[in-house]
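Asks: Got a structure for you, written out below as structure tokens; questions coming shortly.
Okay, structure coming up:
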């Protein structure tokens, strides 16, 4: 994963994990890597990895069982809301960028209608894996 210098690393990792949950790469009840494994995978400090899990737990996205590990929350309604929130953020940014280029809403909708069907890109993986992917 390449980091953007303007955004704190821990927030970038959180967003990456959120995306994996939304995509179904991390499923409800899946065991997450240990803080140490997360630190190695993302090339971050172990304290940062622990902070990431605390933040995710505070948001309700995961829970920890002492001595067993950290797991993805089994409350799927949280992730449905997260998916809708993320979609709204992307759409808002897209619409603002397109408007900034001079496109009307009608122009944008016309371009979207003509856009090639990409299927369910990013959401086709139904396998259950708790290991973060290499980027």
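Residue numbers (UniProt numbering): 1 to 135.
Yeah, the Cβ is synthetic: ideal placement off N, Cα and C, and Gly gets one too.
With respect to the alpha helix (DSSP H) encompassing residue 51, which residues constitute its N-terminal and C-terminal limits?
Replies: Working through the chain shown from its first residue, we reach residue 51 at position 51. Start and end: 46-58.
Asks: Alpha carbon to alpha carbon, how far is residue 80 from residue 30? Give it in angstroms, no decimals.
Replies: Counting from 1 along the chain shown, the entry for residue 30 is found at position 30. Counting from 1 along the chain shown, the entry for residue 80 is found at position 80. About 17 Å.
Asks: Could you tell me the distance, in whole angstroms, from the CA atom of residue 45 to the CA atom of residue 85?
Replies: Counted from its first residue, the chain shown places residue 45 at position 45. Counted from its first residue, the chain shown places residue 85 at position 85. Answer to the nearest angstrom: the Cα atoms are 29 Å apart.
Asks: Are residue 18 and residue 61 touching if we call contact CB-CB under 9 Å?
Replies: By one-based count along the chain shown, residue 18 stands at place 18. By one-based count along the chain shown, residue 61 stands at place 61. Yes, the pair counts as a contact, with Cβ atoms nearer than the cut-off.
Asks: Among 37, 47, 15, 108, which one has its Cα closest to the Cα of residue 59?
Replies: Position 59 of the chain shown, counting from 1, holds the residue named residue 59. Residue 15 is the option with its Cα nearest to residue 59.
Asks: Within the chosen definition, does the segment 65-80 reach the segment 19-38 through at least 3 CB pairs nearer than 8 Å?
Replies: Touching, yes, given that three or more Cβ pairs across the two stretches are closer than 8 Å.
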